[in-house]
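K.L.:
Those protein sequences? They're chains A and B, same order as listed. Heads up, the first sequence is in the UniProt record's numbering, so the first residue is 1 and it goes up one at a time. Heads up, the second sequence is in the UniProt record's numbering, so the first residue is 1 and it goes up one at a time. C-beta: ideal position from N, C-alpha, C; glycine also.
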Amino acid sequence: MEEASPPLRCFSESHSSELFSDDGVQTVTSREQRKVERSIQEVYSVYQQIHTSPHVCQFLARCQSPTGGFGGGPCQHAHLAPTYAAVNALCILGTEEAYEVISREKLLDFLYSVKQPDGSFVMHVGGEVDVRSAYCAASVASLTNIITPTLFDGTHNWILSCQNWEGGLGGVPGLEAHGGYTFCGTAALVILGKEHMLDLKTLLRWVTSRQMRFEGGFQGRCNKLVDGCYSFWQAGLLPLLHRAFFKEGDSTLSVSSWMFERKALQEYILLCCQNPGGGLLDKPGKSRDFYHTCYCLSGLSIAQHFGNKDLHNELILGRDENRLVPTHPVYNICPEKVAQAIEHFHRLPVPVQTGPTPSAMDQS
Amino acid sequence: MAESEEEVDVLVQRVVKDINNAFKRNPNIDEIGLISCPEARYNRSPIVLVENKLGVESWCVKFLLPYVHNKLLLYRQRKQWLDREALVDITCTLLLLNPDFTTAWNVRKELLQCGVLNPEKDLYLGKLALSKHPKSPETWIHRRWVLQWLQKECSPSGQELKDQAEPRGDAVGRRPCERLQRALQEEMRVCADAAGRYPSNYNAWSHRIWVLQNMAKDNLKVLHDELSSTRLWVSMHVSDHSGFHYRQHLLKALARELSQVGEMELHPTQQPNGESTAGASDDNHHNDVIPQLFHEEMELCTDLIESYPGHETLWCHRRHVFYLWHQWRREHLQEAGSQSPPLTHIDVLLSEEPCDEASASQAMDVDCVLDGSKHGSYTQDTKRLKRGPRLPHPGLPSEHTFVSRILTGCRSPEQSCFAIAYRKWLDSVIGQ
Chain A
1 MEEASPPLRC FSESHSSELF SDDGVQTVTS REQRKVERSI QEVYSVYQQI
51 HTSPHVCQFL ARCQSPTGGF GGGPCQHAHL APTYAAVNAL CILGTEEAYE
101 VISREKLLDF LYSVKQPDGS FVMHVGGEVD VRSAYCAASV ASLTNIITPT
151 LFDGTHNWIL SCQNWEGGLG GVPGLEAHGG YTFCGTAALV ILGKEHMLDL
201 KTLLRWVTSR QMRFEGGFQG RCNKLVDGCY SFWQAGLLPL LHRAFFKEGD
251 STLSVSSWMF ERKALQEYIL LCCQNPGGGL LDKPGKSRDF YHTCYCLSGL
301 SIAQHFGNKD LHNELILGRD ENRLVPTHPV YNICPEKVAQ AIEHFHRLPV
351 PVQTGPTPSA MDQS
Chain B
1 MAESEEEVDV LVQRVVKDIN NAFKRNPNID EIGLISCPEA RYNRSPIVLV
51 ENKLGVESWC VKFLLPYVHN KLLLYRQRKQ WLDREALVDI TCTLLLLNPD
101 FTTAWNVRKE LLQCGVLNPE KDLYLGKLAL SKHPKSPETW IHRRWVLQWL
151 QKECSPSGQE LKDQAEPRGD AVGRRPCERL QRALQEEMRV CADAAGRYPS
201 NYNAWSHRIW VLQNMAKDNL KVLHDELSST RLWVSMHVSD HSGFHYRQHL
251 LKALARELSQ VGEMELHPTQ QPNGESTAGA SDDNHHNDVI PQLFHEEMEL
301 CTDLIESYPG HETLWCHRRH VFYLWHQWRR EHLQEAGSQS PPLTHIDVLL
351 SEEPCDEASA SQAMDVDCVL DGSKHGSYTQ DTKRLKRGPR LPHPGLPSEH
401 TFVSRILTGC RSPEQSCFAI AYRKWLDSVI GQ
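1) With DSSP as the reference, identify every bridge partner of Lys-194 of chain A, one or two as the case may be.
2) Tell me the rounded alpha-carbon separation between Val-429 of chain B and Leu-300 of chain B.
3) Looking only at its own chain, which residues have a Cβ that is under 8 Å from the Cβ of Ser-301 of chain A, when we skip the five neighbours before and after it?
4) Mind checking whether Val-68 of chain B and Leu-34 of chain B have CB atoms under 8 Å apart?
5) Thinking C-alpha only, which one of A:Gly-167, A:Thr-83, A:Thr-354 is nearest Leu-200 of chain A?
6) Output yes if chain B places a C-beta closer than 8 Å to the C-beta of Pro-194 of chain A; else output no.
7) Check each residue of the region 172-192 of chain A: if its Cβ is closer than 7 Å to any Cβ of chain B, include it; give the result in chain order.
8) First and last residue of the beta strand (DSSP E) that includes Lys-53 of chain B?
9) For the region 122-131 of chain A against the region 96-109 of chain A, do three or more pairs of beta-carbon atoms, one drawn from each stretch, fall closer than 8 Å, so that the two count as touching?
10) Give the straight-line distance between the Cα atoms of Asn-332 of chain A and Asn-313 of chain A, rounded to the nearest whole angstrom.
11) Once you ignore the five residues that flank Arg-197 of chain B on each side, which residues in its own chain have a CB closer than 6 Å to its CB?
12) Alpha carbon to alpha carbon, how far is Lys-283 of chain A from His-239 of chain B? Give it in angstroms, no decimals.
13) Would His-249 of chain B and Gly-174 of chain A qualify as a contact pair, given that the criterion is a beta-carbon distance under 8 Å?
14) Going by other Cβ atoms of all chains shown within 10 Å of its Cβ, with 16 needed for buried, is Pro-82 of chain A buried or exposed?
15) Could you pull the start and end residues of the beta strand (DSSP E) that Ile-47 of chain B belongs to?
16) Is there a Cβ from chain A that is less than 8 Å from the Cβ of Cys-316 of chain B?
17) Assuming Tyr-291 of chain A and Cys-229 of chain A make a contact with CB atoms under 8 Å, what is their CB distance in whole Å?
18) Name, please, each residue of chain A whose Cβ falls closer than 8 Å to the Cβ of Ile-209 of chain B.
19) Within a Cβ cutoff of 7 Å, which residues of the same chain sit near Lys-109 of chain B, ignoring the five residues on either side of it in sequence?
20) Beta-carbon separation of Val-321 of chain B and Glu-306 of chain B under 8 Å?
21) Which word fits Leu-348 of chain A, buried or exposed, when buried means at least 16 other C-beta atoms lie within 10 angstroms of its C-beta?
22) Keeping to the same chain, check which residues put their C-beta closer than 6 Å to that of Ser-359 of chain B; ignore five residues upstream and five downstream.
23) Are the region 223-240 of chain A and the region 263-274 of chain A in contact at 8 Å, needing three or more beta carbon pairs?
24) Using a Cβ cut-off of 8 Å, pull out every chain E residue sitting near Lys-115 of chain A, in sequence order please.
25) Take Lys-424 of chain B as the anchor and find which of B:Glu-399, B:Arg-411, B:Gly-409, B:Cys-410 has the nearest alpha-carbon.
26) Decide if Gly-217 of chain A is buried, meaning its Cβ has at least 16 other Cβ atoms within 10 Å, or exposed.
27) Please compile the residues from chain A whose C-beta is within a distance smaller than 7 Å of the C-beta of His-245 of chain B.
28) Under 8 Å between C-beta atoms, does Ser-416 of chain B make it to chain A?
29) By DSSP's criteria, Val-122 of chain A is part of a beta bridge. Which residues make up the other side?
30) Could you tell me which chain A residues have their CB closer than 7 Å to the CB of His-320 of chain B, listed as they occur along the chain?
31) Does the Cβ of Ser-17 of chain A have 16 or more other Cβ atoms within 10 Å, making it buried, or fewer, making it exposed?
32) Does any CB atom of chain A fall closer than 8 Å to the CB of Ile-305 of chain B?
33) Considering Cα atoms alone, identify which of B:Thr-91, B:Asn-98, B:Lys-132, B:Ala-129 is closest to Leu-112 of chain B.
34) Which residues, in chain order, does the region 194-223 of chain A contribute to contact with chain B at a C-beta distance below 7 Å?
35) My output table needs one value for Val-409 of chain B: the three-state DSSP class, helix, strand or coil.
36) Contact between the region 143-156 of chain A and the region 174-185 of chain A: three or more CB pairs below 8 Å?
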């Protein structure tokens, strides 16, 4: 990783000598001063931690559970969502140190511990099933090369049963079609090589109907409001579908664009989803957060870049500075990082499952 | 104004006690909320109880929440003991402020399991939490755990074990079915309330479906009741896609259950879902009820589309209902025996028939007449269907008529858009 800009004053050794030290006579002011300095010290130390690569690796290592998988924070129970995020973050870092944080054997045990007999996965031990879990599991397992012959038994059939009449997928079979769940189910099937088993045409009809005529952005479900995060969950389906149709030999596919209004989406994100102080958001009037920042940017990248290395078409709205790097439509990290991680982990053998089998787990 | 740790401690203990006392004073509290109040005034408690509403003044949250949160974590890490009463109070306070705190719900699971906490009380807390956070995923997830636990407790085997260990004298113990019945009714109410507090509340409606499948076990009476009780609700929430999706689910479940009943009617035995057969008197009972249901739903849809132009959900609902109806009719006609003509033949007949309401009875005939030339002499099929209500069954032609009717004199551009898109869908998806 390249060197950051000149080191900050607050991290220098001599800085702590500037801390206030009173002469023993406490006043309201001196008490307040001490409190302020303490809280500022905390801010600096957190900043330092999160902005250094080894520190990120160390933090994530502390989030890894002794029984495998990652929790939301140190000492928390493993959960598929932070597991997905942690593995992706480590792959973005892409250093040997980062890759080595992941205990592959334990991760495999964790995945088996949340696997259900019907092919689905619960999000955490004792938790509930929904289709996000299949995507999180498929994503981390494929990147780290721990897919065993039985790990995804029945999973593709379960995901397929989540597709409903509308064409989208619900959280579990029988529920309303929803953008987030639809992306997770479809991307998981792509990883498992079974995306062709979906009713691709109705899925295409459903997702393209989700782009809002006036706003340009996407809604999550029929008759709901636009939301910046669906710029990825919904628009991100079009590259997946494009590839699926291509594999089926569809000759009417465009060779220059995904099947949605790319310019309109870019307009929505750039004009309506930016906080003037930085960060991105759901829609005007909402506050910024990291989730919307991530997924608005991911959606912007999807809209800007069509194709792959061999056939690439860029459509950048506004100035060249608006150009983002392409993102991988399945994993949503840079394609180079995906390739690098897969190359690294495929040099290692697939671990053998050591934990208890799914049937032995008490599901009560 | 900065507070010292001791002051915070005192304040928090007081607030937790105030909340507890509020519930003791008024067991009918049905809603909680945050009162926007950035600064404490005088020395007053931040807990406000007015009629059945419990309010928490917002200034105290930044002290209260981290403190009780930390206390619970210390307990969980075995660094600080809390007795059961304290745990109930603390988790209650925590979850009213932040119901997505899974750990707090898990502590309550443990309290339930060791008998300290009553499940109905826990469900009541969840209901209050949902009044402020109607989507809260962890609240709905915890609720399902409690309901499953309650079902196990009330099951015959569960009851037997309990009676052996400790003969129950109270009414609750003697009638577990009633307890579950009440719980079921209450769940539907909670779902309806939450659905009303947030548009298209995915989690509330998903939970309602779960209740149908896991508590009511797709019982026909419950399905019918739900269909009638949600009719008014959806009519007042015409953009609520989740609400209409629920009705689609009900129709599908009813069609499935009634078809099973129909098949079983050939073998008169007790049905597993509580319906007993009426013998072989009308072996086409389900033939009448299911079309009737679809017809009523299409009528409701028509009514709403005409009254409220430009709502995408209504058109989406129409598509789905028509599609379900179309599918059911195809399957049913195929099952009607070898006399049935191939499907394409029927479709051709349908597309040729006149399609306004006046020719309703003729539509009936054409629907089932196997050969146009036999119009005068009735076959067994036509006789059966003629006994049923004389309804114009929805079909491609009647739908096209509907679209034309909407488009003529339509002043809403959205409505025209949706109508045209519907027609396109009819042609490309159904009419293929």
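P.N.:
Taking the geometry as given:
1) Answer is none; Lys-194 of chain A lacks a bridge partner.
2) 23 Å
3) Leu-324, Val-325, Pro-326, Thr-327
4) no
5) A:Gly-167
6) Correcting the residue identity first, residue 194 of chain A is Lys in this sequence and not Pro. Not closer than 8 Å to any Cβ of chain B, the Cβ of Lys-194 of chain A fails to qualify, so no.
7) Gly-174, Leu-175, Glu-176, His-178
8) 53-57
9) no
10) 19 Å
11) Pro-134
12) Note that residue 239 of chain B is Ser in the sequence shown here, rather than His. If I take the Cα positions, the gap works out to 20 Å.
13) yes
14) buried
15) 47-50
16) yes
17) 7 Å
18) Gly-174, Leu-175
19) Trp-145
20) no
21) exposed
22) At Ser-359 of chain B, the pLDDT of 39 sits below 50, so the modelled position is not reliable; the number obtained from the coordinates is stated separately. No residues qualify anywhere along the chain.
23) yes
24) Reference to chain E is not applicable here, since the protein chains of this structure are A and B.
25) B:Glu-399
26) buried
27) Glu-176
28) no
29) A:Val-129
30) Trp-165
31) exposed
32) no
33) B:Thr-91
34) Arg-221, Cys-222, Asn-223
35) The amino acid occupying residue 409 of chain B in the given sequence is Gly; Val does not appear at that position. Of the three classes helix, strand and coil, the one that applies to Gly-409 of chain B here is coil, per DSSP.
36) no
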